[in-house]
Amino acid sequence: MSNSSDFQKPDFQKPDPQALLSEVMKEESRRGRFKIFLGYAPGVGKTYKMLEHARIAKDRGIDVVIGVVETHGRAETEKLSEGLEIIERRQIDYKNVVLYEMDVEAIIKRRPELVLVDELAHTNAPGSQYDKRFQDIEILLANRINVYTTVNVQHIESLNDTVAQITGVRIRETVPDNIFDKADEIDVVDIPLEQLQERLKEGKVYAPDLAGKALENYFKRGNLLALRELAFRRAANKLDQELINYMKARGIAGPWATSERLLVCIGVSPFAKKLVRKAYQMASELKAEWYAVYVETPGHLTLSQKERINLTETLGLAQELGAKVITLTGSEIGEEIVKFANKEKVSKVVIGKPVGFFLRQMLARSPVFEILKESGRFDLYFIAPESEEGSKADTPAVPPVRSSKRTAWKNYFLASLTILPVTATASLLFYALNIKSLVILFILAPMASAFFFGIGPSLFVSILCPLIYDYFFTEPYFSLTIQDPSIILELIIFVVTAVLTGQLAKLIRRQQEAITTRLGQMELLSDMGKELLAIPNLYQLITKVASPMDEQMNNTLKFMKITVQEGIAETILRYMERAIHLPCFVILRKEDSPLHIWAKSGAELSITSKENAIVEWIFAHNEPAGKGTKTLEGSDYFYLPISSSKKKCLGVIGISSDYNLLLPNERILISAINNFAATALENLEIQAED
2 MSNSSDFQKP DFQKPDPQAL LSEVMKEESR RGRFKIFLGY APGVGKTYKM LEHARIAKDR
62 GIDVVIGVVE THGRAETEKL SEGLEIIERR QIDYKNVVLY EMDVEAIIKR RPELVLVDEL
122 AHTNAPGSQY DKRFQDIEIL LANRINVYTT VNVQHIESLN DTVAQITGVR IRETVPDNIF
182 DKADEIDVVD IPLEQLQERL KEGKVYAPDL AGKALENYFK RGNLLALREL AFRRAANKLD
242 QELINYMKAR GIAGPWATSE RLLVCIGVSP FAKKLVRKAY QMASELKAEW YAVYVETPGH
302 LTLSQKERIN LTETLGLAQE LGAKVITLTG SEIGEEIVKF ANKEKVSKVV IGKPVGFFLR
362 QMLARSPVFE ILKESGRFDL YFIAPESEEG SKADTPAVPP VRSSKRTAWK NYFLASLTIL
422 PVTATASLLF YALNIKSLVI LFILAPMASA FFFGIGPSLF VSILCPLIYD YFFTEPYFSL
482 TIQDPSIILE LIIFVVTAVL TGQLAKLIRR QQEAITTRLG QMELLSDMGK ELLAIPNLYQ
542 LITKVASPMD EQMNNTLKFM KITVQEGIAE TILRYMERAI HLPCFVILRK EDSPLHIWAK
602 SGAELSITSK ENAIVEWIFA HNEPAGKGTK TLEGSDYFYL PISSSKKKCL GVIGISSDYN
662 LLLPNERILI SAINNFAATA LENLEIQAED
């Protein structure tokens with residue numbers, strides 16, 4: 002029986018403003034109707050049932066066409082598709098192989114009332130406008146075309162880990178949950194398990210030679226039972242949320258769950274994706290608001306390319322699943338997470354279980370210990386680490402802060418050199434000035450090592466220093482033998498003090514780096530804002546003194562506008578290079594002339610006819626595209642449109658990088674620079690119109 006404290010009966014009769022807004026936005030954004038036929042496994046009859054419903058719609062006078070239907074050679078399915086108009090697929094030549102994909106433009110041009118699009122999770126061929134078929138479907142819906150589609154439960158992103166645990170198979174083609182949740186109707190296609198297994202034996206799902214192996218593996222009865230339950234549960238969750246929103250929006254009283262807030266900690270490990278999926282499932286069950294938090298430390302510059310991709314893909318996944326993605330900046334990951342959790346009244350924190358020995362994690366200052374210490378204010382959930390491949394992850398989901406890019410042996414060697422000046426100074430004081438108490442002097446070496454080379458080298462030096470002190474400065478001299486027992490206690494105290502002061506020195510260094518980074522970013526944005534927003538003023542001054550009837554002055558104004566645009570482009574480029582240290586270029590459109598690069602980092606940067614077509618598409622659609630995105634991914638560059646307040650593309654920033662390699666903080670800086678550029682160009686456009 003549920004605890005009564007978990008629910009509260011509201012006494013309101015007024016509609017919930019947030020739920021009402023959600024309902025209104027849903028109605029306003031609705032274009033075409035979207036229906037998904039959901040199955041629990043291949044062969045349950047999703048395509049067949051979709052065609053049955055399409056025929057019923059056609060009999061009612063609805064204009065129905067087939068965008069893409071995969072019959073897989075099944076005679077009964079092919080027979081159902083007869084008589085339905087088929088939009089010819091688009092041909093794509095890829096590496097001397099001819100591939101065929103749904104022709105979205107042809108469907109939009111044909112403008113049917115309903116289009117059938119099989120296999121929602123399908124990945125389009127390289128060279129397609131969009132990477133995934135669900136993106137094509139979104140375009141069709143935006144053009145007020147109703148869509149029927151099919152998908153199996155194993156392709157839903159948030160269930161990826163669960164399905165892998167059940168079946169032992171990791172599904173690579175997935176559909177974001179927000180796409181699934183946009184459906185106006187979910188039709189669960191269900192047949193008895195025995196009937197599905199019989200269809201498999203008859204060769205109606207796979208070729209007969211593969212059926213036996215499939216029955217022994219993926220199509221085992223236990224697997225099918227679990228997948229069937231998942232399908233019904235996922236459909237029920239969506240309907241449940243829609244019902245709650247409907248009742249709240251109309252002020253219908255009911256027992257609502259008390260407010261919960263959940264936070265998942267994200268790091269660079271491949272395991273972080275599992276954390277995000279688990280957090281999404283928990284948030285869905287609790288009907289809770291949830292955050293995905295990444296703390297960017299000064300060590301983020303040392304991340305490898307693989308770690309950058311893992312991080313950005315994980316943050317992208319969290320955003321797709323509906324999390325509020327938050328990037329914090331600080332020197333201590335655990336401290337920043339705890340502060341944010343307390344500030345936002347988070348009730349549950351999800352974090353990866355630490356990997357490795359307890360002592361190793363403690364010395365590496367794992368954030369887990371700081372979070373665990375403060376967990377009295379929230380519930381803490383540890384998730385066992387496991388990578389996408391199903392093996393145990395070798396890196397924690399929330400990693401310790403990195404301090405240096407140097408190899409370990411070099412760090413230890415350089416740290417040991419800090420002992421030399423300390424030993425030389427101690428020798429001078431001991432033999433020349435007869436000063437005996439010198440142990441405190443040797444603390445300087447571990448402190449310097451921690452500050453410049455990290456905790457590991459500092460601990461190494463902390464062990465070396467007592468040995469050197471004992472060898473040179475305690476009786477018997479030039480021997481590691483200790484005669485006075487009090488010296489042993491003194492050396493133990495020294496080691497403990499050296500470790501603590503070393504940790505403190507490293508903490509100060511991290512905080513200093515974090516403050517320097519923040520100040521540098523603030524200074525960059527402040528300087529750019531002043532410079533960019535001041536550029537159009539010169540053009541504005543000339544327009545005030547110019548006579549509209551003066552042809553020479555009008556020519557001067559046109560020339561000045563071009564000059565100002567060049568100034569804006571050069572300013573954008575300069576600050577982009579400061580922000581991300583990558584080759585960039587800026588593309589603007591001249592009046593009655595083709596696109597061209599106005600400013601670029603180096604002479605080697607150029608755009609081919611293929612890249613030019615991509616830029617034209619961005620100007621037309623005002624959307625990011627290119628390398629690392631899911632749109633026109635075959636490009637050599639990542640492109641970001643400079644958008645006006647009226648959603649008009651005023652220019653394009655090109656970056657010679659994969660979008661997935663850009664860290665969250667770099668993306669924030671790029672977005673800020675882009676906003677300044679848009680304001681400056683829009684101001685110039687307004688002045689030119691006046």
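Here the sequence shown is numbered in our numbering, starting from 2 and rising by one per residue. A virtual CB, placed ideally from N, CA and C, is assigned to each residue, including glycine. Keep in mind that this is a model prediction, so the values were computed, not measured.
Quick check on residue i: does DSSP put it in helix, strand or coil?
i    : result
I674 : helix
S644 : strand
Q92  : strand
V154 : helix
F35  : strand
N147 : strand
A626 : strand
L318 : helix
Q14  : At Q14 the pLDDT is 45, less than 50, meaning the model places this residue with poor confidence; the figure from the coordinates comes in the next sentence. If DSSP states are grouped into helix, strand and coil, Q14 belongs with coil.
Y207 : coil
G62  : coil
K221 : coil
F639 : strand
T632 : strand
E230 : helix
R403 : With a pLDDT of 45 at R403, under the threshold of 50, the modelled position of this residue cannot be trusted, and the question is left open.
L276 : helix
Quick check on this structure: which residue in the options has the alpha carbon closest to the alpha carbon of residue i?
i    : options                   : result
R590 : K631, I654 and I109       : I654
S645 : S332, K325, L664 and N676 : N676
D528 : E297, L633 and A580       : A580
G169 : L142, E217 and E308       : E217
V347 : I671, K214 and V294       : V294
T680 : L533, L460 and R90        : L533
V69  : E53, E86 and K80          : E86
V206 : T498, Y413, Y432 and G46  : G46
E308 : A319, I334 and P271       : P271
E524 : P458, E375 and L670       : L670
K374 : K349, W410, E336 and C585 : E336
L520 : F414, G331, Y95 and A451  : G331
E71  : L481, L81 and M577        : L81
What is the rounded straight-line gap between the Cα of residue i and the Cα of residue j?
i    : j    : result
I608 : Q92  : 25 Å
E102 : H582 : 38 Å
A273 : P177 : 17 Å
S159 : F453 : 42 Å
A122 : T175 : 6 Å
L194 : R234 : 17 Å
P642 : A165 : 38 Å
T396 : G128 : Reliability of the predicted coordinates at T396 is poor, the pLDDT of 46 falling under 50, and the value obtained from them is presented with this limitation in mind. If you take the alpha carbons of T396 and G128, they lie about 35 Å apart.
N661 : G629 : 5 Å
I157 : R134 : 14 Å
T424 : Y472 : 11 Å
Q282 : A385 : 16 Å
L692 : K354 : With the chain covering only 2 through 691, there is no way to say anything about residue 692.
A398 : A342 : Confidence at A398 is low in this model, with a pLDDT of 46, below 50, so its placement is unreliable and no value can be given for it.
Can you tell me the Cβ-Cβ gap for residue i and residue j, rounded? I've got them flagged as a contact below 8 Å.
i    : j    : result
T419 : A446 : 4 Å
S657 : Y638 : 6 Å
L263 : A280 : 6 Å
G317 : N179 : Wrong, their Cβ atoms sit about 12 Å apart, outside the cutoff.
L329 : L664 : Not a contact, Cβ separation roughly 13 Å.
V190 : T150 : Contact doesn't hold; Cβ gap of about 12 Å is too wide.
V351 : I372 : The Cβ separation is near 11 Å, so there is no contact.
Y382 : E345 : The Cβ separation is near 17 Å, so there is no contact.
L633 : N613 : Actually they do not touch by this definition, with Cβ atoms about 12 Å apart.
I569 : L682 : 6 Å
R34  : D162 : Rounded, the Cβ-Cβ distance is 31 Å, inconsistent with contact.
Which one or two residues does DSSP pair with residue i in a beta bridge?
i    : result
A293 : V265 and V326
C585 : I656
H597 : L589
G377 : Note: G377 sits in no beta bridge, so no partner.
K757 : There is simply no residue 757 to check, as the chain begins at 2 and stops at 691 in what is shown.
F383 : I352
E186 : K36
I87  : I67
Y101 : Q92
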